[in-house]
Amino acid sequence: LPPSLVACVRNPVDQAVSWWKYENNACSWGESMGLTEWNTSLRSNDYPPKSIGDALKFSQSRFIRKAYADAEHLAKTLITQQTSYNPFYYRMKRLPNWAITWPGGQLSTIGRSGKYSGNIDRYNNVFNTMFGEKVEDSLERKPREGFVHIVPIQNQSSGLLLKGALHPIFADCMARSAHRGSKQSDYADLMASIDCAIEKVCTEDNFNASRRRNSGRSLANMDLEPSSSDLDELAKYFESNKTR
12 LPPSLVACVR
22 NPVDQAVSWW
32 KYENNACSWG
42 ESMGLTEWNT
52 SLRSNDYPPK
62 SIGDALKFSQ
72 SRFIRKAYAD
82 AEHLAKTLIT
92 QQTSYNPFYY
102 RMKRLPNWAI
112 TWPGGQLSTI
122 GRSGKYSGNI
132 DRYNNVFNTM
142 FGEKVEDSLE
152 RKPREGFVHI
162 VPIQNQSSGL
172 LLKGALHPIF
182 ADCMARSAHR
192 GSKQSDYADL
202 MASIDCAIEK
212 VCTEDNFNAS
222 RRRNSGRSLA
232 NMDLEPSSSD
242 LDELAKYFES
252 NKTR
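Going by this note's numbering, the first residue of the sequence shown is number 12, and it counts up by one from there.
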């Protein structure tokens, strides 16, 4: 079956700052164990960025743009051209080192992880290459509706909102199963059971405890704490990119 992905989204500035703190604390932890040298051949000499503003610029650099383009090409060619003559093909299906874990390193995502619309389009494009409807007598595939469901992260703190988000996701999955040969009666019975489970999980009593979103974590190196001007720069950047 084609995949159904769920993208939990939040304020993109909050996302960028949270990721900046998390990854820099991970770097500090690694350095405390003696891991002090960086692989510049994989990450470039600009990594790690010295400030969140530098990270934003790095995420838009030619080096990172090329790395992401290569990663998309890698995903598509593994699907459509599985031959030993393809330079991106790996018989063991192992990702090359430059593509782990993000192209250009984890901090290369500062200007990208909050661009939800563009990121979702990238996933849909790759999945359409594999799961789009085949065109008769052609290698092409017709695009289908999106594979990604969007759930604002605050919905996870409200039973009513979460229930409203979960039902269409499972209904879509069940409809795809039915379309591929399952009996309609089986689909209806299973969907009724799923609705019952959603109702039980989303009882408001299960949401009384407050949820922490990793926003208050302080940095081990306080020199890396984002400034007010950094936050303004991030806000302007994501505002200018929100429809792209």
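Each residue gets a CB set at the ideal place from its N, CA and C atoms; glycine is no exception.
Local Cβ density within 10 Å of residue i, reported as buried at 16 or more and exposed below that
i, result
"Ser70", "buried"
"Ile63", "buried"
"Tyr101", "Confidence is the limiting factor: at Tyr101 the pLDDT is only 48, short of 50, which leaves the residue's position unreliable and the question unanswerable from this model."
"Leu46", "exposed"
"Trp30", "buried"
"Arg73", "exposed"
"Ala82", "buried"
"Leu106", "exposed"
"Lys32", "buried"
"Pro14", "exposed"
"Asn135", "buried"
"Pro154", "At Pro154, the pLDDT of 49 sits below 50, so the modelled position is not reliable; the number obtained from the coordinates is stated separately. The residue is exposed, with fewer than 16 neighbouring Cβ atoms inside 10 Å."
Backbone secondary structure at residue i - three-state DSSP
i, result
"Ala18", "strand"
"Pro163", "strand"
"Pro237", "coil"
"Leu106", "coil"
"Met44", "coil"
"Arg187", "helix"
"Ile75", "helix"
"Gly115", "coil"
"Ala231", "coil"
"Trp31", "helix"
"Pro154", "Legend: pLDDT at Pro154 = 49, less than 50; position of this residue unreliable, no value from coordinates given."
"Pro179", "helix"
"Thr51", "helix"
"Thr214", "coil"
"Arg121", "For clarity, residue 121 is Ile in the given sequence; the question names Arg instead. Note: Ile121 maps to coil in three-state DSSP."
"Lys126", "coil"
"Pro23", "helix"
"Asn97", "Because Asn97 sits at a pLDDT of 49, beneath the cut-off of 50, its placement in the model cannot be relied upon, and the following sentence gives the value as read from the coordinates. In the structure shown, Asn97 sits in coil (DSSP, three-state: anything other than H, G, I, E or B)."
"Tyr58", "coil"
"Asn219", "coil"
"Ser169", "coil"
"Asn136", "helix"
"Asn36", "helix"
Beta-carbon separation (whole angstroms), residue i vs residue j, contact threshold 8 angstroms
i, j, result
"Gly115", "Arg187", "No, Gly115 and Arg187 are not in contact; Cβ-Cβ is about 34 angstroms, not under 8 angstroms."
"Cys11", "Val162", "A question about residue 11 goes unanswered here, because the residues of the chain that appear run from 12 up to 255."
"Gly175", "Glu215", "Their Cβ separation, rounded to whole angstroms, is 13 angstroms, which puts Gly175 and Glu215 out of contact at 8 angstroms."
"Pro59", "Leu118", "6 angstroms"
"Ile121", "Leu67", "5 angstroms"
Beta-carbon spacing of residue i, residue j below 7 angstroms
i, j, result
"Asn35", "Leu230", "yes"
"Leu245", "Val24", "yes"
"Ala27", "Gly125", "yes"
"Val159", "Ile180", "no"
"Leu242", "Cys213", "no"
"Ile164", "Arg21", "yes"
Check: residue i C-beta below 6 angstroms from any heavy atom of the ligand FMN
i, result
"Val162", "In the structure shown, the ligand FMN is absent, as is every other ligand, since no ligand is present at all."
**Prompt:** Can you find at least 3 beta carbon pairs, one from the stretch 75-83 and one from the stretch 239-255, that sit closer than 8 angstroms?
**Reply:** no
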